[in-house]
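Residue numbers (UniProt numbering): 1 to 714.
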């Protein structure tokens, strides 16, 4: 991203106009990608890519929040094998996803019939995902399409999520229309109209910490956040206990009688905090808005879904809910269309009454909570529109688009005076599809032209117009505030509890100024020290292994050049390297033969085409070894991680391996053992950072040179 964007502070109107323009381009890219996939890809391929679940049937109907019909879907009995437990196949559908539920095309269906069926069905939102079932709240924007649910064998397909875009657009449009004179003190600091006030550390010198095990850097970050008047950034590198630090911060804010709104970009990021907060303070009234992704009781018991059934206020809703559930169940027993229509008419009236009663119940629950937690876009829901908070905490802020972060800032009440952002801007930024969308370059150019005309009307100077045109959604609020106000608004958590010291050393020296320290409990631990029997071998006694494939015997290839029928729409020109995949499979076998459990091993790669090959080699033989993309593994950890870098070519091209934040994610996932497989000749030519990494591995890792003969004999 051009540095001009980081130096120049745009006037608020120009800034919000720029974000709105970029958001429009991003939404168009996402919708176009989804439409292309759905129209040109067979259901079976969509299922293999994790975007659909096939062969489902309705297990039950229930009444969910807002009186919406929630349908439970499990595998159709006709396809459940006798020895199977009816578990759903692997898929990528998650809580909060917008999906379409439709009739499954028959095996004999012609292409035209398949395409016709693809466009039919009913849309809804996934409220829960289990091993054997998935639950979908039917209808969009408060509607309910229970009448449109087809009979028979069904399939579920993921659609583009326009709810998040609507809320981001609402927040930015509201800000664009707000005169500068009406901005709050916090908003002025966030927009560079004022400088942040200095923290008054005197006010927090006597803080008594609820968790006495917090280290010095964690305690320092908490004091800093408590005493900063408007903004505080908590920089939490991998394994440094960022979530524990935030839990303590929330508890300290509650001691000061502050009301706290806690948000994150994903359900999992929010549920992590709900879970830990519930354990740390069982007496604190907390509410989790939205549908929790996890099914842990500690999370569920604080969700609106459960509280509207179990709290004292729930009695005003329970009898209508019971009546609704009975009506829902009777639909499938109806003998003819007339009976069904009568039931639907009754349901409509009951839903209206249910929503009124439930609304009163929810208002009471939310108002009575000192801590409210939701996803960033969930903070734009109607349940928070009239609520007021003192402090907003955003976790995983470096994984969130800036427009998402403005949703709770706008809808969190006009008394909001402090923002705490926690994250690691040296790991991957949020995924921005439009950044590499060559197919819609013309649309993007037209949007930029339109933006330039709009900015010219705002009478801003040439330098500011250039900065606006060079802006990117990859620039997060965390990045921007750090660039604008400097490191005085940030505190680093410097003690990591995940990695062996040798695994930690390179990322610490290169990206974190050499400031990371490995806690005593982890600095020397190896695979052979696992709490179960593991043989001491050349693999289990080494924290860092590098298979250098230089020499040209392990060439990459582009997915489109393979001649396979495929997934070109799903994988594009993704790269793969079959020989590297074979080395990864050999290394996994050696680890497992030495006694390391499958579930303690992960194999990751930056390329989806390579992931497909790794899956074909390992999935059947070692089903519990986790396989994933580097991007998808952010925030995760395993005892042993194998990384396949893929790139090996005469031109020494490294593609997006050149993104150091992607490699930072890859090299900071393991606890006891990191194995890197790559061609040092190709990779070291990619950038000075990559050159230094290859040199570090050559000097500090257990260096190995695999041969084709080794793989054949293995």
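Just so you know, even glycine gets a beta-carbon here, dropped at the ideal spot from N, CA and C. None of these values were measured; they are calculated from a predicted model.
Contact check, residue 608 vs residue 629 under 8 Å by CB: the rounded distance?
-> 6 Å
Residue 435 versus 581, 15, 11, 27, residue with shortest Cα-Cα distance = 27
Determine contact between the stretch 626 to 646 and the stretch 654 to 670, defined as no fewer than three beta-carbon pairs at a distance below 8 Å.
-> yes
Runs of alpha helix (DSSP H) lying entirely within the stretch 381 to 413, each at least 4 residues, in chain order = 402 to 411
May I ask you to check if the CB of residue 255 is nearer than 7 Å to at least one heavy atom of the ligand HEM?
-> This structure simply doesn't include the ligand HEM, nor any ligand for that matter.
Keeping to the same chain, check which residues put their C-beta closer than 8 Å to that of residue 481; ignore five residues upstream and five downstream.
-> 190, 231, 233, 421, 489
Are the stretch 49 to 59 and the stretch 195 to 204 touching by the rule of at least three beta carbon pairs closer than 8 Å?
-> no
So, are the CB atoms of residue 376 and residue 331 less than 8 Å apart?
-> no
Is the beta carbon of residue 645 sitting closer than 8 Å to the one on residue 603?
-> no
Around the Cβ of residue 513, are there at least 16 other Cβ atoms within 10 angstroms (buried) or fewer (exposed)?
-> exposed
Can you give me the start and stop residues for the alpha helix (DSSP H) that residue 208 sits inside?
-> Looking at the DSSP string, residue 208 is not in any alpha helix (DSSP H), and its letter there is neither H nor E.
Residue 123 (DSSP reduced to helix, strand or coil) | strand
For the stretch 233 to 304, which segments carrying the beta strand (DSSP E) assignment without a break, of at least 3 residues, lie completely within its bounds, in sequence order?
-> 260 to 264, 286 to 288
Of all the alpha helix (DSSP H) runs that stay within the bounds of the stretch 536 to 613, which reach a length of 4 or more residues?
-> 568 to 571, 578 to 593
Around the C-beta of residue 302, are 16 or more other C-beta atoms found within 10 angstroms, so that it is buried, or is it exposed?
-> buried
Quick one: what's got a C-beta closer than 6 Å to residue 652's C-beta in the same chain, skipping five residues either side?
-> 682, 685
For residue 403 and residue 168, believed in contact at Cβ under 8 Å, the rounded distance | 4 Å
Anyone know if the C-beta pair for residue 654 and residue 690 falls short of 8 Å?
-> yes
Pull up the distance between the alpha-carbon of residue 79 and that of residue 325, whole angstroms please.
-> 28 Å
When we look at the beta-carbon of residue 382 and count the other beta-carbons within 10 Å, is it buried (16 or more) or exposed?
-> exposed
Coil, strand or helix - residue 55 by DSSP = strand
CA-to-CA distance, residue 556 to residue 571, given in whole angstroms = Low confidence applies to residue 571: its pLDDT is 48, below 50, so where it sits in the model is not reliable enough to give any reading.
Consult DSSP for residue 702 and reduce its assignment to one of helix, strand or coil.
-> strand
With residue 156 and residue 93 assumed to form a contact (beta carbons below 8 Å), what rounded beta-carbon distance in angstroms separates them?
-> 7 Å
Within the stretch 614 to 680, ranges of the alpha helix (DSSP H) (whole runs, at least 4 residues) = 660 to 667
Looking only at its own chain, which residues have a Cβ that is under 6 Å from the Cβ of residue 641, when we skip the five neighbours before and after it?
-> 602, 669, 670, 674
Count the CB pairs spanning the stretch 449 to 466 and the stretch 513 to 524 that are closer than 8 Å, and state whether there are at least three.
-> no
Would you list the one or two residues that DSSP bridges to residue 102?
-> 155
Do you know whose CA, among 549, 368, 196, 219, lies nearest residue 207's CA?
-> 219
Quick one, which of 241, 338, 226 has its alpha-carbon nearest residue 255's?
-> 226
Count the CB pairs spanning the stretch 347 to 357 and the stretch 237 to 257 that are closer than 8 Å, and state whether there are at least three.
-> no
Kindly identify the DSSP beta-bridge partner or partners of residue 61.
-> 71
Beta-bridge pairing of residue 375 - partner residues as DSSP gives them | 264
Could you name each continuous beta strand (DSSP E) segment of 3 residues or more that falls completely within the stretch 415 to 476, going from the start of the chain to the end?
-> 418 to 423
Leaving out the 5 sequence neighbours to the left and right, which residues in its chain are closer than 6 Å to residue 566 when beta-carbon positions are compared?
-> Here the model assigns residue 566 a pLDDT of 37, short of 50, so the residue's position is not dependable, and the following value carries that caveat. So the list is empty, once near-sequence residues are dropped.
Hey, how far is the Cα of residue 346 from the Cα of residue 136?
-> 22 Å
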